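Residue numbers (my numbering), protein chains in the order written: chain A, 1 to 315; chain B, 1 to 291; chain C, 1 to 248. Glycine is no exception: its CB is placed at the ideal position from the N, C-alpha and C atoms. This structure is a prediction, so every number in the text was calculated from the model and none was measured. Report on the following structure.
Shown next as C-alpha cells:
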C-alpha cells in the first residue's frame, strides 16, 4: 500500500482549517473561498493531465455543477446536501458520455473538442429559459447555519477532494493512468482497457469540477452562463502551469499564488485576461515545470552542493 | 430555389472568411505541428486597426478606397510585426511541441485580449462602406461589398494554393510539412521556414480581418468566434490538409447559413459542434488529416 | 496414438498490404504449446508486421488468425492480450518515466485486478527476481542501461503471466553474458510457468541454441519452417541469406 502520509495530511488540513476560522471580514472570506475553489479546479485539470490530456471541457462541468446547485436549491427546493451533490453527479454522467466519445482522439483534437464543448455548454446555458437564460440564476443560498462557517466548510470539502485525488494518484489506478500517458501500447498489450481508464480518470476529474461549480454557486449565490466559458478552463490551466503539473501540490500552489497575486493585480486595475494571460506566457517561457519544478531544481542543486562539500570533507 | 441560392451565396461569403482562417491554422499545423490559439488576434487587430484608421484618413480628406487601403496596410504591418515577435521570442521554442504551444498561445491570446481591451476599449465601431450598392446574382440580392469580400478571399486562397504548389517556397513548406527531418537533411532551413509559414498564416488572418471590417461590427472580441469556427473547420478537414481546410470552412459556412436562416446563429453553432463530434468518431484525425 | 501438440496460435493465409507493398503474404503459422518458436529473416522481411498482426495491433488485409482456439481476425489488441497473448515492442517497450517496480506493476494490473495491491506487489517482486533485475526495482526505467531496459520490457510482459509470450528482438543490445542468462530465463519461463514463447531475433547463435522450431521470413513470405537443423540446411534459406553460390 503506497504511503499516503496520512499524519502529514491530517496535520496540514487541521492547520489550514484553523486558519480559515480567523477569517472574519468579507474580503478575506471571499479570497479564501476563491482560493479553495481555484485549488480544486486546478487539481481537477491536473488529474486529467495524468493521462496526458488537457481538458477544456472541465469548464462545462463546472457550469453543470453550478446550475445543478442552482436548480436544486431555487427550483426544486431540495435539502442542501442533495443540492450540493446533484450537480457534480450529473456532471460526472455527462463526462462519461462525452469521454467515451471524445477520448478516442488525442492531443490537439481533444483540446479543441473540449474547448468547443465548453463554449457550446455556455450557449446552451444562455438559451435555456428555465435556468434563467443569459441572466443566470440568483438566490442560491447555503443553509443559514453554515453562513458563519462558510469559508471553513468550503475549504474542508476542497481538502477532502484534494486528498481523494492524491490517494488515487498514488494508488495502482493512478499508476495505470501515468503508464497510459507514457506508453499506451504497453498498457494495451498487457490487457488494460485503455479507454475505460481514460474515461474513469476524466469522470473523476469532472466530478471534482462539478463540485467546484456547486461550491461556486453557494458561495456567490448568483451564477450566469458567462462564468463558465473556456476562460474558466484557461485559468485552471494557468494555475497548473504556473504551479507545476508535476505534482498535485504544485497545481494547488499555483492556484493559491495566482489567486492572491491576481487579486492584487486586479486591485491595481489590470484586467483579468492581461494578468492570467501574462502569467501563463511567463510561466511557460521561464518556468516550464512551474514553481514546483523550480523548487525541485533548487533542492537538487542544494543536495549536490552538500554532497560536494561533504566529499571535500575535513582533512 | 430562391432561398436555396440565397443560402448558398451567404454560405460562400461566410465560408470564404473562414477559409482564410482555417488555411492559416492548417498551414501552421502542417509546418510547425502546433495549433495557434492566438490566431484570432491577427484577425482582430487587423479589423480593429482598419476600423480605427480608415475613418481618420477619410476625415483627413482622402478617398474611401485610399483610406481603406492605408488602414489595411497598417493592419498588415502591425500583425506581421506581432507575428515576428511572437515567433522569435516565444513560439520558436515550442516547434512540434503541441501541448506547450497550445498553452503558450492560449496565454498569448488571453494577454492580447487584455491589451486590446485596454487599448481599444470595449466599445464597438464600424467602418464605412467602401463600395455601396447591391447587385443581383442569379436573382439574389447581394451587396457589392460582400461580393468584393468573397472575391478577395477567393483570390487570396487561389494565390496561396499556387504558392504552395508551384513556387520553391511552397514546395519547401510542403516538404517540411510532410517530413521535416528529411527536408532538413536536404538542406532546407526548417526554423526559417517555420517562421515564414507562421507569418504567411498571419497575413491570411489579417487579410480576413481587413475584409470583414467594412461588413461587420468590430470589437476586440470578434476574433474568438471566427477562431473557434476556424478550428472546427480544420478539425473537420484534417489538421495539415489545405484542401481539407477549404472544404471544412465552406461546410461550416453552409451550416451557419442554413442554420442561421431556419433557426438562429447559436443553434447553428451547436449544430457545428455536434457535427465535429460525429466526424471525429469516424475519422479520429479529421477527414483528410495527418495529425 | 501420440498426443497432438496443442496449437495456441494459428494463421491461415495471413496477408497484409500497405498500398502496393505486400508486407506479409500468405502466412501459415502455427505455434505449439510449450515450444520456443523463432521468427527470423532479414530486415524488411515482415517480422514486425507479423507481430503486429498476431497481437491485434494491425488488421490483416486477408487471411485468418486463431488464438487459443478462437477466431481473432481483426480483433483489438486488448482483447487478445486478455486471452493470454502478450507481446513486447522492438523499441521502448516500457514506461521511461516510471520506476522499474511500477513498470512491472502495470503488467500485473489486468490479471490481478481483483487480487489486491499486496498480491500485485508480490508478483512484481517475483518477476523481478526471475528476470534478474530485482536490484533495479526502485530505479527510474529511463535512466537504466540499455540491456537492463530490455530485461524490464520482458519483465513487464511476463508479469502478466501470459500463455503465449511474444518477444520482439529481446536480445538486442545485450552482451554475451546477458544473452546467456536471458536464454536461461526463457527456458525457466517455459518450464516453470507453462509459457510458450515466440521470438523475433537477429542473434542467430541464440536462435539456433534456444528455439525448438524456426520460421524464416523473406520479403513477407514464409520461406521455411522447421527445426534449427532443418532450416540451416534449407536451400531457399541459404540462398536468401548467403546468396545462390552457397546453395547446393
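Residue from the options with nearest C-alpha to residue i
i                      : options                    : result
residue 231 of chain B : B/152, B/34, B/84          : B/34
residue 201 of chain A : A/103, A/234, A/212        : A/103
residue 217 of chain C : C/180, C/196, C/28         : C/28
residue 28 of chain A  : A/118, A/263, A/195        : A/263
residue 104 of chain C : C/90, C/140, C/234, C/69   : C/140
residue 110 of chain C : C/149, C/83, C/169         : C/83
residue 313 of chain C : C/93, C/237, C/203, C/171  : In the structure as shown, chain C starts at 1 and stops at 248, and residue 313 of chain C therefore has no counterpart that could be examined.
residue 195 of chain B : B/212, B/176, B/46         : B/176
residue 292 of chain B : B/259, B/262, B/233, B/68  : Lying outside 1 to 291, the shown extent of chain B, residue 292 of chain B is not represented and no answer is given.
residue 285 of chain A : B/116, B/100, B/262, B/239 : B/100
residue 187 of chain C : C/230, C/34, C/123         : C/34
residue 117 of chain B : A/273, A/278, A/309, A/308 : A/273
residue 234 of chain A : A/4, A/160, A/38           : A/38
residue 251 of chain B : B/273, B/52, B/263         : B/273
residue 218 of chain A : A/288, A/56, A/71          : A/71
C-beta atoms of residue i and residue j nearer than 8 Å
i                      : j                      : result
residue 48 of chain C  : residue 80 of chain C  : no
residue 158 of chain C : residue 183 of chain C : no
residue 31 of chain C  : residue 88 of chain C  : no
residue 67 of chain A  : residue 87 of chain A  : yes
residue 147 of chain C : residue 178 of chain C : yes
residue 157 of chain A : residue 215 of chain A : yes
residue 64 of chain C  : residue 11 of chain C  : yes
residue 36 of chain C  : residue 150 of chain C : no
residue 103 of chain B : residue 280 of chain A : yes
residue 197 of chain B : residue 31 of chain B  : yes
residue 53 of chain C  : residue 200 of chain C : no
Partner residues on chain C for residue i, Cβ-Cβ distance less than 9 Å
i                    : result
residue 3 of chain A : Simply none; closest approach about 12 Å.
Local Cβ density within 10 Å of residue i, reported as buried at 16 or more and exposed below that
i                      : result
residue 248 of chain C : Note that residue 248 of chain C has pLDDT 45, beneath the 50 cutoff, so the model's placement of it is unreliable and no number is given.
residue 138 of chain C : exposed
residue 1 of chain C   : With a pLDDT of only 46 at residue 1 of chain C, under the threshold of 50, the placement of this residue in the model should not be trusted; the figure read from the coordinates follows. By the neighbour-count rule (16 or more Cβ atoms within 10 Å), residue 1 of chain C is not buried but exposed.
residue 53 of chain A  : buried
residue 115 of chain C : exposed
residue 292 of chain A : buried
residue 137 of chain A : buried
residue 301 of chain A : exposed
residue 9 of chain C   : buried
residue 71 of chain C  : exposed
residue 158 of chain B : exposed
residue 119 of chain B : exposed
Amino acids of chain B, ordered along the chain, whose beta-carbon sits closer than 8 Å to that of residue i
i                      : result
residue 281 of chain A : 90, 104, 107, 108, 111
residue 120 of chain A : 269, 270, 273
Proximal chain A residues relative to residue i, where beta-carbon distance stays under 8 Å
i                      : result
residue 121 of chain B : Neighbours of residue 121 of chain B on chain A: none; closest Cβ ~12 Å, over 8 Å.
residue 156 of chain C : 186, 190
residue 106 of chain C : 175, 176, 179, 186, 187, 190, 192
residue 231 of chain B : 112, 115, 116
residue 118 of chain B : 271, 274
Partners in chain A for residue i, counting only beta-carbon separations shorter than 7 Å
i                      : result
residue 45 of chain C  : Those within 7 Å of residue 45 of chain C in chain A number zero; the least Cβ separation is about 22 Å.
residue 276 of chain B : 113, 116
residue 115 of chain B : 274
residue 89 of chain C  : 185
residue 110 of chain C : 190, 191, 192
residue 77 of chain C  : 188, 189
Chain-ordered neighbours of residue i on chain B, where CB pairs are closer than 7 Å
i                      : result
residue 234 of chain A : 106, 110
residue 225 of chain A : Those do not exist, as residue 225 of chain A stays about 11 Å from chain B at its closest Cβ, beyond 7 Å.
Partner residues on chain A for residue i, Cβ-Cβ distance less than 9 Å
i                      : result
residue 19 of chain C  : The contacting residues do not exist; residue 19 of chain C stays about 23 Å from chain A at best.
residue 143 of chain C : Correct list: empty, because the minimum Cβ distance to chain A is about 14 Å.
beta-carbon residue i near the ligand NAD non-hydrogen atom, thresh 7 Å
i                      : result
residue 103 of chain A : Among the components modelled here there is no ligand, and therefore nothing to report on the ligand NAD.
Chain-ordered neighbours of residue i on chain C, where CB pairs are closer than 8 Å
i                      : result
residue 172 of chain A : 105, 109, 117, 120
Between the segment 232 to 243 of chain A and the segment 165 to 175 of chain A, do at least 3 Cβ pairs fall closer than 8 Å? The answer is no - the segment 165 to 175 of chain A does not touch the segment 232 to 243 of chain A, with fewer than three Cβ pairs under 8 Å.
When you compare the segment 144 to 153 of chain A with the segment 90 to 97 of chain C, are there three or more beta-carbon pairs, one atom per stretch, that lie closer than 8 Å? These segments do not touch.
Would you be able to state if there are at least three C-beta pairs under 8 Å between the segment 224 to 241 of chain A and the segment 114 to 129 of chain A? The segment 114 to 129 of chain A is in contact with the segment 224 to 241 of chain A.
contact_flag[the segment 161 to 172 of chain A, the segment 40 to 56 of chain A] where n(CB pairs < 8 Å) is 3 or more: The segment 40 to 56 of chain A and the segment 161 to 172 of chain A touch, with three or more beta-carbon pairs separated by less than 8 Å.
Inter-stretch contact (C-beta, 8 Å, three-pair minimum) for the segment 33 to 48 of chain B and the segment 102 to 109 of chain B: When Cβ pairs closer than 8 Å are counted between the two stretches, the segment 33 to 48 of chain B is seen to touch the segment 102 to 109 of chain B, the count reaching three or more.
Does the segment 63 to 80 of chain A come close enough to the segment 183 to 201 of chain A to have 3 or more Cβ pairs within less than 8 Å? Touching, no.
Sufficient close CB pairs (3 or more, under 8 Å) joining the segment 55 to 73 of chain B to the segment 159 to 173 of chain B: Note that the segment 55 to 73 of chain B does not touch the segment 159 to 173 of chain B; fewer than 3 beta-carbon pairs, one per stretch, sit closer than 8 Å.
Touch test, the segment 2 to 18 of chain B against the segment 248 to 258 of chain B, Cβ-Cβ under 8 Å, three pairs minimum: Yes, the segment 2 to 18 of chain B touches the segment 248 to 258 of chain B.
Inter-stretch contact at 8 Å, needing at least 3 Cβ pairs: the segment 85 to 94 of chain B / the segment 43 to 59 of chain B: No, the segment 85 to 94 of chain B is not in contact with the segment 43 to 59 of chain B.
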